[in-house]
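Residue numbers (our numbering), protein chains in the order written: chain G, 16 to 421; chain Y, 117 to 378.
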């Protein structure tokens with residue numbers, strides 16, 4: 016018997032008991048649908064994190080002043096004063112994989128405009144910082160290298176600060192006060208949102224020239240961080256090594272000593288986030304798979320009932336010439352057809368559920384062709400696996416006994 | 117009145133006299149724990165092509181067991197059984213299935229049609245297992261249905277047919293693969309007397325066209341439509357004789373008072 020005939024017999028047998036077939040399929044529909052939707056949610060979240068990291072620049076390295084331990088006291092991050100402007104110049108000069116770098120210092124303080132005030136982060140840096148971070152302006156422009164040289168009182172503000180201090184007022188050209196010093200607002204940054212990697216509000220910031228920060232606000236002449244861009248994402252790993260060895264050299268750190276700085280690679284963080292995302296996707300998929308297995312057990316249950324109920328039919332088929340193989344393949348095909356049709360409907364159901372999630376929760380759901388192919392293969396495997404035992408039971412029947420069955 | 121179509125006869129051509137069934141000292145016993153039940157105690161017989169044999173006997177006489185062996189549903193415990201010269205007793209399960217499919221046509225007491233399956237599909241069923249194309253299978257099934265006078269009921273389900281009609285569908289199914297013998301196990305057991313005669317008339321006509329028919333029955337009247345009766349008792353052949361003054365079912369049917377056909 017060819018496959019088409021076998022499939023036709025199976026479909027006909029299933030059509031004889033529509034309600035039961037539909038209910039049996041429901042288990043597989045829900046199982047496959049859940050897998051599709053859950054994997055979609057997981058991959059969507061993963062993609063979103065990746066996009067956020069990419070937006071931040073996956074070729075970015077962050078060099079921070081490090082921890083130091085003096086006399087048993089742990090001083091915490093940023094306690095060292097060894098990271099200086101000359102280090103940045105050295106990095107630019109001596110690391111071939113480095114494209115650009117911007118120095119940075121920061122403090123937290125109150126910013127005042129008119130009667131409003133807002134506690135925020137004040138970052139000092141240089142103009143190339145915005146290029147490295149690929150951060151456009153919604154209004155105005157960046158302060159100039161001359162501003163940096165002259166330590167001018169100019170500021171660039173983030174969206175959160177703009178909203179809280181200015182509301183409807185146009186901030187450009189207005190004067191804000193930081194530690195009672197007047198600063199002219201020259202630019203407003205485009206909103207960047209919450210950072211996926213750190214989880215903080217990137218728009219809650221005021222940026223001033225590094226020189227201004229060091230000389231007029233904090234009075235510290237060392238750097239808290241250096242933002243570095245590598246020539247490419249791949250080069251960022253080499254850059255990390257080059258910067259580390261350069262800084263160790265410059266800071267005269269002996270081989271047995273720990274670094275007094277740290278170099279963080281955003282590509283590393285992207286990989287980490289990717290891993291976390293994969294684990295989450297796997298977790299969601301395995302939870303959803305449980306329902307698929309339950310659906311498979313449903314198929315087995317119904318097939319067993321069906322085999323018992325159709326004992327006489329099996330006897331008739333054997334009497335008129337069906338071999339054990341014919342009977343076995345008939346019931347196996349029924350199980351596979353059940354699970355395949357269920358799987359196909361499940362895919363549609365899963366896509367519908369994903370659309371619903373996107374619409375109501377606003378999550379990004381990503382349905383990959385791979386997930387669909389996997390779902391089809393998996394539901395077929397479920398059919399074969401859970402259909403095998405009932406089919407075998409049917410094939411092993413004694414035709415005489417089966418014909419006598421009432 | 118059952119009509120016979122004049123189309124191609126769905127019966128393998130045969131010559132009377134050629135041995136179809138050759139059974140040699142067949143025993144069958146079942147081991148039930150300690151005790152051994154002897155169902156057949158040495159059966160030897162020949163049935164020639166074109167014969168019409170009625171096997172009779174009380175329940176427990178071994179006639180059903182014998183029928184199962186003739187039908188290749190069961191194997192003898194000892195002894196040999198040749199069907200069309202093939203030693204069936206030595207065949208594998210799959211080979212037996214092929215023999216049942218191509219050389220034997222079964223008709224049962226309880227009709228044994230698939231429910232929720234049309235008459236035509238029921239008749240087609242054996243062709244599905246016979247490497248016959250779908251088109252050829254359907255053509256043969258229609259011919260077989262015509263042969264038993266049910267060509268117009270091909271799309272009916274068994275539940276929409278009377279008992280006699282259902283049994284005619286079963287006969288058509290038994291004929292569809294052009295078997296060499298037709299085995300009928302109490303084919304009239306569930307039918308009223310008039311319908312019984314109608315069914316016997318069909319078997320009679322098929323036999324007249326050369327088909328070998330073996331029938332199991334416990335009704336004496338029915339056995340008298342056959343040409344030869346074999347009596348079973350306690351697993352042995354008690355009597356084996358030709359039917360004298362044989363009545364034909366077609367004649368009996370003519371003499372019966374007219375009745376509305378189903």
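We put the CB at the ideal spot given by N, CA and C, even for glycine.
Given the structure is predicted, the values throughout are model-derived calculations rather than measurements.
By the CB criterion at 8 angstroms, residue 322(G) and residue 405(G) fall inside the cutoff.
A residue is called buried when at least 16 other Cβ atoms come within 10 angstroms of its Cβ; residue 372(Y) does not meet this threshold and is exposed. With contacts defined as CB atoms closer than 8 angstroms, residue 162(G) and residue 118(G) fail to qualify as a contacting pair. Residues of the stretch 315-335 of chain G whose Cβ lies closer than 8 angstroms to any Cβ of chain Y, in chain order: 327, 328, 330, 331, 332, 333, 334 and 335. With the criterion set as a beta carbon lying under 8 angstroms from some beta carbon of chain G, the members of the stretch 173-197 of chain Y are 184, 187, 189 and 190, in sequence order.
Annotated as distal: residue 295(G) and residue 52(G), with beta-carbon spacing of 8 angstroms or more. Under a criterion of Cβ atoms nearer than 7 angstroms, the residues of chain Y adjacent to residue 31(G) are, in order, 232. Here residue 223(Y) is buried. Its C-beta has 16 or more other C-beta atoms within 10 Å. With respect to the 8 angstroms criterion, residue 352(Y) and residue 157(Y) are classified as neighbours on the basis of their beta carbons. Sequence-distant Cβ neighbours of residue 390(G) in its own chain, meaning closer than 8 angstroms and more than five residues away, are 47, 50, 51, 358, 361, 362 and 365.
Linking residue 216(G) to residue 203(G) through their CA atoms gives a straight-line distance of about 15 angstroms. A Cβ-Cβ distance of about 11 angstroms is found for the pair residue 418(G) and residue 335(G), leaving them out of contact under the 8 angstroms criterion. Secondary structure note for residue 189(G): it is in no alpha helix (DSSP H), with a DSSP letter that is neither H nor E. Restricting attention to 380(G), 70(G) and 381(G), the CA atom closest to the CA of residue 209(G) is found in 70(G). With contact defined as three or more Cβ pairs closer than 8 angstroms, the stretch 224-236 of chain Y and the stretch 265-279 of chain Y are in contact. With a cutoff of 8 angstroms on beta-carbon distance, residue 43(G) and residue 344(G) are scored as not near each other.
Residue 289(Y) counts as buried, since no fewer than 16 other beta carbons sit within 10 angstroms of its beta carbon. Non-local C-beta neighbours of residue 342(Y) in its own chain, meaning closer than 7 angstroms and more than five positions away in sequence, comprise 168, 169, 170, 331 and 359, ordered along the chain.
Per DSSP, residue 222(G) lies in no alpha helix (DSSP H); the unbroken beta strand (DSSP E) holding it starts and ends at 220-224. Here the C-alpha atom of residue 347(G) lies approximately 20 angstroms from the C-alpha atom of residue 34(G).
Looking from the CA of residue 244(G), the closest CA among 327(G), 36(G), 279(G) and 114(G) belongs to 114(G). The stretch 270-284 of chain G makes no contact with the stretch 20-29 of chain G; the number of CB pairs closer than 8 angstroms stays below 3. By alpha-carbon distance to residue 275(G), the top candidate from 63(G), 80(G) and 57(G) is 80(G). Here residue 154(Y) is bridged, per DSSP, to 145(Y). Within chain G, the residues placing a beta-carbon under 9 angstroms from that of residue 210(Y) are 338, 339 and 340, ordered along the chain. Looking at the backbone, the Cα of residue 198(G) and that of residue 221(G) are separated by about 11 angstroms.
Any Cβ of chain Y closer than 8 angstroms to the Cβ of residue 20(G) would place that residue at the interface, and such an atom is present. Secondary-structure assignment with DSSP links residue 150(G) through no beta bridge to anything. Just so you know, the alpha carbons of residue 242(Y) and residue 204(Y) end up roughly 20 angstroms apart.
Residues of the stretch 241-255 of chain Y with a C-beta less than 9 angstroms from any C-beta of chain G: 241, 242, 244, 245, 246, 247 and 250, listed in chain order.
Against chain G, a Cβ distance below 9 angstroms from residue 306(Y) picks out nothing, because the smallest value is about 14 angstroms. Using a 10 angstroms sphere on the CB of residue 413(G), the tally of other CB atoms stays under 16, which defines it as exposed.
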